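Okay, structure first, notes after.
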Amino acid sequence: MTAREAALFGEFLDDLEAIGFRAKRAERTTDPERADDPERADDREIVVSAVPAVFDSTLDPELIRDVLGSLVDEASADDAPVRGVVDDLLADLACYPSVTGNTSLTEGSIVDLLAALDDCENPYACPHGRPVIIAFDDDEIADRFERDYPGHTGRRRE
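With full-length UniProt numbering applied, the sequence shown covers 1 to 158.
Below you can see the structure in the form of structure tokens.
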């Protein structure tokens, strides 16, 4: 953590625990043989033992520090409680593992994705409000995918 994040960590610990994080300052070693060990903990290291369930499958360990840092930075910058910043962060992280353009999916993955979409409370938009499902009529699909070049015009629907 940065020195600033470390200084604010204790202040926001209760709020972090309220949303599902379990973290504490790393224990300092008193072993003189480890005094020069770069692996030893200092005042800017924390140990995260649990994260909110929503982060479990979307957040790799390297990003946990960024998440905690973002929560503390945004909350302290706006003088807002951590809980006030969480919704925006959850929306960002909910989109993190999303399927993006030009991603190839197997038929099984598509079926699983559509089944999961059926289980969503709002399957029509991501947490940021961007559409997940859009409808195209036949004419719009034809306009988007048909080719209009010499020798191909006979194939175009009229």
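From the three backbone atoms N, C-alpha and C, an ideal C-beta is built for every residue, glycine too.
Source: prediction; values computed, not measured.
Helix, strand or coil at residue 46 [DSSP, three-state]: Three-state result, residue 46: strand.
Could you pull the start and end residues of the alpha helix (DSSP H) that residue 195 belongs to? Since the displayed the chain opens at 1 and closes at 158, residue 195 lies outside it and no answer follows.
Taking the C-alpha atoms as reference points, what is the distance between residue 13 and residue 144? Taken atom to atom, the span from the alpha-carbon of residue 13 to that of residue 144 is near 52 Å.
Can you tell me whether DSSP reads residue 65 as helix, strand or coil? If DSSP states are grouped into helix, strand and coil, residue 65 belongs with the helices.
Ordered along the chain, which non-local residues of its own chain (more than five positions away) have a Cβ less than 6 Å from that of residue 94? Only 127 meet the Cβ criterion.
Tell me whether residue 135 sits in a helix, a strand or coil according to DSSP, three-state version. Residue state, collapsed to three classes: coil.
Report, in whole angstroms, the separation of the C-beta atoms of residue 6 and residue 65, which I expect to be a contact under 8 Å. Contact between residue 6 and residue 65 does not hold, since the beta-carbon distance rounds to 11 Å and is not under 8 Å.
Among the residues of its own chain, which have a CB less than 8 Å from the CB of residue 136, if the five just before and after it don't count? The residues are 144.
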